[in-house]
Amino acid sequence: MSIKENIIKVTEIKNQAAERAGRSGDDVLLCAVTKTHGGDMINEAIDAGITDIGENKVQEIMDKFDSVKPVRWHMIGHLQTNKVKYIIDKVSMIHSVDSMRLAEEIDRRAGQHGITMDILIQVNSANEESKFGITTEETESLLMEILEKCENIRVRGLMCIAPKADDPNDIAKYFREVKELYDRFAEIKDDKLDFKYLSMGMSHDFEVAIAEGSNFIRVGTAIFGARNYNI
Ligand SMILES: *Cc1c(COP(=O)(O)O)cnc(C)c1O
Numbered sequence: 000m001s002i003k004e005n006i007i008k009v010t011e012i013k014n015q016a017a018e019r020a021g022r023s024g025d026d027v028l029l030c031a032v033t034k035t036h037g038g039d040m041i042n043e044a045i046d047a048g049i050t051d052i053g054e055n056k057v058q059e060i061m062d063k064f065d066s067v068k069p070v071r072w073h074m075i076g077h078l079q080t081n082k083v084k085y086i087i088d089k090v091s092m093i094h095s096v097d098s099m100r101l102a103e104e105i106d107r108r109a110g111q112h113g114i115t116m117d118i119l120i121q122v123n124s125a126n127e128e129s130k131f132g133i134t135t136e137e138t139e140s141l142l143m144e145i146l147e148k149c150e151n152i153r154v155r156g157l158m159c160i161a162p163k164a165d166d167p168n169d170i171a172k173y174f175r176e177v178k179e180l181y182d183r184f185a186e187i188k189d190d191k192l193d194f195k196y197l198s199m200g201m202s203h204d205f206e207v208a209i210a211e212g213s214n215f216i217r218v219g220t221a222i223f224g225a226r227n228y229n230i
């Protein structure tokens, strides 16, 4: 199947999952995760209607930026503080903020460019040690500290990566916890705290994520096929 056919299929499944959850398909944004794929494939996806793409490495964003048609770029991977400067003027949103150090650097660089950067806080509600992200308990204190100290950041929501689990019920439970946390903060409206995105769900679990309230899914393999990391 072509990239275009895959996008049509994923969009259909996404829309049906949203409707089953009592929402409109348009309420769930499909972000195509383009890591390891070149500009030609990305442009094919954009031609097929993709408006948002996700990358997890700073280097890949820099390498591809000029060869890709206008689109919103999302930084979805772990971000080192010393690399913020390379992407601050390229991405629309940073999904992976999990420390005050990183938030302060994003704030500083955004200020230099005269922009406000939208960010998500990466939550790790299963507290798996191998993954990035912070615990649900830490999320509130990080949020409050960002609001207090960062002028040029707007917190737009939460992001999570579900742990690997064989039982879909375990994944659903995980997503549900993050959604509950999201709902708590979504009630607060502030210039710098304006929740709109709950970024959860990948190729293998986005239907479950949508059922549990996701409105932003990050899908790579189901659109582009398996990745080859050796190129
Ligand atoms: C690679 C990646 C995805 C997409 O994963 P697929 O299984 O290929 O859909 C989503 N989110 C993050 C953070 C990723 O790194």
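Number 125 in numbering that gives the first Met the number 0 belongs to position 126 of the sequence shown; there are no gaps in the numbering. Even for Gly, the Cβ is constructed at its ideal location relative to N, Cα and C.
Could you name the residues of the same chain whose beta carbon sits closer than 7 angstroms to that of residue 84, not counting the 5 residues immediately before and after it, in chain order?
-> Working through the sequence shown from its first residue, we reach residue 84 at position 85. Short of 7 angstroms from the beta carbon of residue 84, and not among the five residues preceding or following it, lie these beta carbons of its own chain, in chain order: 108.
Per DSSP, which residues does residue 215 bridge with? Please list them.
-> The sequence position of residue 215 within the sequence shown is 216, counting from 1. Among the bridge pairs identified by DSSP, residue 215 is matched with 28, 198.
What are the boundary residues of the beta strand (DSSP E) that residue 86 is part of?
-> Along the sequence shown, read from residue 1 onward, the residue named residue 86 stands at position 87. Counting along the chain, residue 86 falls outside any beta strand (DSSP E), though it belongs to the alpha helix (DSSP H) covering 83-86.
Hey, residue 86 and residue 74: beta-carbon distance below 7 angstroms or not?
-> As a working note, residue 86 is residue 87 in the sequence shown. As a working note, residue 74 is residue 75 in the sequence shown. At the C-beta level, residue 86 and residue 74 come within 7 angstroms of one another.
Name all residues in chain order for which at least one heavy atom of ligand 1 lies closer than 5 angstroms to the residue's CB.
-> The filter returns 32, 55, 75, 201, 202, 217, 218, 219, 220, in chain order.
Going by C-alpha distance, which of 11, 77, 124 is nearest residue 176?
-> Within the sequence shown, the letter at position 177 stands for residue 176. Of the residues 11, 77, 124, the one whose Cα lies closest to the Cα of residue 176 is 124.
DSSP-derived helix/strand/coil call for residue 189 | In the sequence shown, counting from the first residue as 1, residue 189 sits at position 190. Secondary structure at residue 189: strand, using DSSP grouped into helix, strand and coil.
Would you call the region 216-229 and the region 181-190 in contact, with 3 or more CB pairs under 8 angstroms?
-> Taking 8 angstroms as the limit for Cβ pairs, the verdict is that the region 181-190 does not touch the region 216-229.
Looking only at C-alpha atoms, which of 28, 65, 54 sits nearest to residue 78?
-> Start at 1 with the first residue of the sequence shown, and residue 78 comes out as number 79. Out of 28, 65, 54, 54 has the C-alpha closest to the C-alpha of residue 78.
Span of the alpha helix (DSSP H) holding residue 140?
-> For the purposes of this step, residue 140 is taken as the residue at position 141 of the sequence shown. Residue 140: member of the alpha helix (DSSP H) spanning 135-148, first to last residue.
Return the first residue and the last residue of the alpha helix (DSSP H) that residue 132 is part of.
-> Here the question's residue 132 lines up with position 133 in the sequence shown. Counted as a single uninterrupted DSSP element, the stretch harbouring residue 132 is not any alpha helix (DSSP H), since DSSP gives it neither H nor E.
When 112, 153, 47, 160 are compared against residue 134, the one with the closest alpha-carbon = Translated into the one-based positions of the sequence shown, residue 134 becomes position 135. Closest option to residue 134, Cα to Cα, is 160.
Where the alpha helix (DSSP H) through residue 19 begins and ends = Your numbering for residue 19 matches position 20 in the sequence shown. Start and end: 2-19.
Among 57, 138, 71, 56, which has the Cα closest to the Cα of residue 49?
-> The residue you call residue 49 lines up with position 50 of the sequence shown. When 57, 138, 71, 56 are compared, the shortest CA-CA separation from residue 49 is found for 71.
Could you tell me if residue 5 is buried or exposed, where buried requires 16 or more neighbouring beta carbons within 10 angstroms of its beta carbon?
-> The sequence position of residue 5 within the sequence shown is 6, counting from 1. Buried, by the Cβ-count rule.
Anyone know if the C-beta pair for residue 197 and residue 156 falls short of 7 angstroms?
-> Here residue 197 refers to the residue found at position 198 when the sequence shown is read from its first residue. Here residue 156 refers to the residue found at position 157 when the sequence shown is read from its first residue. For residue 197 and residue 156, yes; Cβs fall inside 7 angstroms.
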